[in-house]
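Peer 1: Residue numbers (the working numbering): 299 to 410. For each residue, glycine too, the CB sits at the ideal point set by N, CA and C. These numbers come from a predicted model, not from an experiment. Just passing along the structure, written as structure tokens.
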Amino acid sequence: MSDCLFCKIIAGEIPSSKVYEDDLCYAFNDIDPQAPTHFLVVPKAHIPSVSAVTEENAPIVGHIFAVIAKLTGELGLESYRVVSNIGAQAGQSVFHLHFHVLSGRDMTWPPG
Ligand code: 5GP
Ligand code: ZN
299 MSDCLFCKII
309 AGEIPSSKVY
319 EDDLCYAFND
329 IDPQAPTHFL
339 VVPKAHIPSV
349 SAVTEENAPI
359 VGHIFAVIAK
369 LTGELGLESY
379 RVVSNIGAQA
389 GQSVFHLHFH
399 VLSGRDMTWP
409 PG
């Protein structure tokens with residue numbers, strides 16, 4: 299999608315600090331980290347949010363979670379939080395599906 303920030307990052311049109319990449323997904327450090335470790339994992343396909351996940355594209359989401367398990371394991375992260383905001387009221391500011399991976403500090407529940 300031509301005017302999507304994360305599609306531009308995936309295409310290399312906007313620089314990012316890459317953590318991981320494969321055919322289906324791209325992971326990069328958040329520009330405004332909210333924890334000592336804070337990276338985003340996004341599908342290369344433009345899916346607007348979790349609310350646009352279907353039986354057809356759900357395998358990409360499953361793959362992303364396998365990638366999160368692999369990356370956090372490689373980084374030695376034993377405790378972390380995976381977050382996806384859906385819609386502006388929940389805090390979504392970029393409308394390309396992404397999973398935040400946050401780790402390295404105490405976290406509270408419920409989230410704000
Ligand atoms: P959301 O608010 O949609 O859940 O998450 C979007 C995230 O993207 C935010 O945590 C924000 O800091 C991050 N972000 C916004 N613009 C950029 C950018 O240009 N580069 C990177 N690496 N992260 C960005
Ligand atoms: Zn996009």
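Could you say which of 310, 306, 311 and 410 lies nearest to residue 387 if we only look at CA atoms?
Peer 2: Cα-wise, what sits closest to residue 387 is 410.
Peer 1: Under the criterion of a Cβ to heavy atom distance below 8 Å, does residue 344 qualify as lining the ligand ZN?
Peer 2: yes
Peer 1: Answer yes or no: the CB of residue 302 versus the heavy atoms of the ligand ZN, is any distance below 8 Å?
Peer 2: It does: the Cβ of residue 302 is within 8 Å (strictly closer) of some heavy atom of the ligand ZN.
Peer 1: What does the alpha-carbon distance come out to for the pair residue 334 and residue 373?
Peer 2: 12 Å
Peer 1: If I measure Cβ to Cβ from residue 361 and keep anything under 7 Å in the same chain, skipping five residues before and after, which residues do I get?
Peer 2: 322 and 323
Peer 1: Is residue 369 near the ligand 5GP - that is, is its Cβ less than 8 Å away from at least one heavy atom of it?
Peer 2: no
Peer 1: Tell me the start and end of each unbroken alpha helix (DSSP H) in the stretch 342-410 that is at least 4 residues and wholly inside, in chain order.
Peer 2: 356-372
Peer 1: Just to confirm the assignment, what range does the beta strand (DSSP E) spanning residue 323 have?
Peer 2: 323-327
Peer 1: Based on the DSSP output, what are the partners of residue 338 in its beta bridges?
Peer 2: 326 and 398
Peer 1: Any heavy atom of the ligand 5GP closer than 8 Å to the beta-carbon of residue 389?
Peer 2: yes
Peer 1: What residues are listed by DSSP as bridge partners for residue 316?
Peer 2: 326
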